[in-house]
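Mapping of the sequence shown onto the UniProt record's numbering: residues 1 to 102, in sequence order.
Here's the structure, in structure tokens; my notes come after.
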Amino acid sequence: MTDLKVRVDKKKLERTAYVLKCVAHPVRISIIDLLEQQDQLTVSQLQEVLKIEQSLLSHHLTNMRDKGLVETRRQGKNVFYFLTDASISNIIDCIKGCKPVQ
Numbered sequence: 001m002t003d004l005k006v007r008v009d010k011k012k013l014e015r016t017a018y019v020l021k022c023v024a025h026p027v028r029i030s031i032i033d034l035l036e037q038q039d040q041l042t043v044s045q046l047q048e049v050l051k052i053e054q055s056l057l058s059h060h061l062t063n064m065r066d067k068g069l070v071e072t073r074r075q076g077k078n079v080f081y082f083l084t085d086a087s088i089s090n091i092i093d094c095i096k097g098c099k100p101v102q
């Protein structure tokens, strides 16, 4: 037992917990999945696919932007959202690979 040690840096563990806490919602996981498929999407495009109220979507996007998971880029009247770190999409890959609980 004395050979056991924490293999991940404390700061990295804290960042991981922070990110997981932020994405721990089906809508946010869906947003990450969609932004993984398409580099950037507008609120309207996200809303069309997710079929949720614009105010609810904006709430989730604001939360994700405040936490540094997504960022925006304005082009004319459109505001595009994109992932700030593509490795966040690894969470989706992990979820897809998990066996369903029976």
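No residue lacks a Cβ here, since even glycine has one placed at the ideal position from N, Cα and C.
Computed from a predicted structure; not experimentally measured.
Separation of residue j from residue i, as counted between CA atoms
i: K51; j: E71; result: 22 angstroms
i: L4; j: V49; result: 46 angstroms
i: V6; j: A24; result: 24 angstroms
i: R28; j: K12; result: 21 angstroms
Reduced DSSP secondary structure (H/G/I, E/B, other) of residue i
i: L50; result: helix
i: Q38; result: coil
i: R73; result: strand
i: L83; result: strand
Beta carbon of residue i nearer than 8 angstroms to that of residue j
i: L69; j: V101; result: no
i: I95; j: H60; result: no
i: S89; j: E36; result: yes
i: R73; j: Q40; result: yes
Rounded Cβ spacing between residue i and residue j (contact assumed at less than 8 angstroms)
i: M64; j: C22; result: 6 angstroms
(message) Does the stretch 76-85 come into contact with the stretch 39-53, if we say contact requires no fewer than three beta-carbon pairs (one atom in each stretch) closer than 8 angstroms?
(response) With the cut-off at 8 angstroms, the stretch 76-85 and the stretch 39-53 touch.
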